[in-house]
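The structure appears below as structure tokens.
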Amino acid sequence: KRVDVHIHGAHNHFFIDQPDVMQVVADYAGQNPVGLPMGDFDLVGMEAQLEKDVWVKNAEVYFDNHQVLQVVVDEREPIARVFTNGTRSFYIDDSPAMLPLSDKFSARVPVFTGFPSEALVLSKADSNLLKEIKTVSRAMERDSFLNILIQQVAINPQRHFELVPAIGNQVILLGDASNLEAKIRKLKLFYQLIFQDCQLID
Numbered sequence: 717k718r719v720d721v722h723i724h725g726a727h728n729h730f731f732i733d734q735p736d737v738m739q740v741v742a743d744y745a746g747q748n749p750v751g752l753p754m755g756d757f758d759l760v761g762m763e764a765q766l767e768k769d770v771w772v773k774n775a776e777v778y779f780d781n782h783q784v785l786q787v788v789v790d791e792r793e794p795i796a797r798v799f800t801n802g803t804r805s806f807y808i809d810d811s812p813a814m815l816p817l818s819d820k821f822s823a824r825v826p827v828f829t830g831f832p833s834e835a836l837v838l839s840k841a842d843s844n845l846l847k848e849i850k851t852v853s854r855a856m857e858r859d860s861f862l863n864i865l866i867q868q869v870a871i872n873p874q875r876h877f878e879l880v881p882a883i884g885n886q887v888i889l890l891g892d893a894s895n896l897e898a899k900i901r902k903l904k905l906f907y908q909l910i911f912q913d914c915q916l917i918d
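Number 820 in my numbering belongs to position 104 of the sequence shown; there are no gaps in the numbering.
Written out as structure tokens, the structure reads:
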């Protein structure tokens, strides 16, 4: 009787939207699906077709008790944008999988520069670096102070992270993603001491 589309996953940015999903359903059905016999639908095949989209993490397609086709899509959510040393730029999600940029939306996520590889299939070392990027990005996301303070994160030739603050010309050498909570505590303590000194001078 009807097709209901539900998209979950990304908060305020949809990289796949309802018309995209409806187009896949119509293409797979061969025509407008409304009015077709329910037995004509290959629901498993339709799910597989939807999951071919790089932004779809999971898809479930089923009929409810009212003969309505329910299409539930879990969208991948970008958590960081990565710039390589060359010309590539991509998002990563929590997997972390490399995701392409979109003409529809630009996600407001931490920016990492200097990723050493241009390859689409990464080496073990580069895959591990992506996991570290995920760890640092998630830590920045959880900490409102870091969110405001850090403009971008640079990756140096030693594959260590350098935090670039939004104000001032200093660079904070974070190192790798190990002992991250302790490093962040020390960084916040450092800035608290600076603010205290400034108040004493005033």
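Note that the Cβ used here is the ideal one computed from N, Cα and C, for glycine as well.
If you count every other CB in all the chains shown that lies within 10 Å of the CB of residue i, and 16 or more means buried, which is it?
i: residue 743; result: exposed
i: residue 793; result: buried
i: residue 834; result: exposed
i: residue 905; result: exposed
i: residue 856; result: buried
i: residue 861; result: exposed
i: residue 826; result: buried
i: residue 740; result: buried
i: residue 795; result: buried
i: residue 911; result: exposed
i: residue 822; result: exposed
Within a Cβ cutoff of 6 Å, which residues of the same chain sit near residue i, ignoring the five residues on either side of it in sequence?
i: residue 888; result: 879
i: residue 778; result: 786
i: residue 773; result: 790 and 792
i: residue 850; result: 812
i: residue 724; result: 790
i: residue 797; result: 807, 825 and 827
i: residue 853; result: 795, 796 and 826
i: residue 818; result: 731
Ignore the nearest five residues each way along the sequence and tell me which others in residue i's own chain have a CB closer than 8 Å to its CB.
i: residue 845; result: 831, 832, 871 and 875
i: residue 899; result: 890 and 891
i: residue 722; result: 786, 787, 788 and 789
i: residue 750; result: 717, 718 and 719
i: residue 734; result: 721 and 723
i: residue 761; result: 744
i: residue 732; result: 723, 769, 771, 772, 789 and 791
Once the 5 residues before and after residue i are set aside, which same chain residues still bring their CB inside 7 Å of it?
i: residue 776; result: 763 and 788
i: residue 816; result: 770 and 806
i: residue 814; result: 806 and 808
i: residue 783; result: 717 and 754
i: residue 691; result: Residue 691 cannot be examined here, being either before or after the span of the chain that is shown, 717 to 918.
i: residue 867; result: 880, 881 and 882
i: residue 759; result: 777 and 778
i: residue 903; result: 888
Tell me where the alpha helix (DSSP H) around residue i begins and ends.
i: residue 846; result: 840-858
i: residue 736; result: 734-745
i: residue 759; result: 759-766
Over what stretch of residues does the beta strand (DSSP E) that includes residue i continue unbroken?
i: residue 772; result: 772-779
i: residue 879; result: 877-881
i: residue 791; result: 784-791
i: residue 830; result: 827-831
i: residue 731; result: Looking at the DSSP string, residue 731 is not in any beta strand (DSSP E), and its letter there is neither H nor E.
When you measure from the CB of residue i to every non-hydrogen atom of the ligand GTP, does any distance come out below 7 Å?
i: residue 756; result: This structure simply doesn't include the ligand GTP, nor any ligand for that matter.
Practice prompt. May I ask you to verify whether the stretch 784-798 touches the stretch 760-775, counting CB pairs closer than 8 Å and requiring at least 3?
Written response: yes
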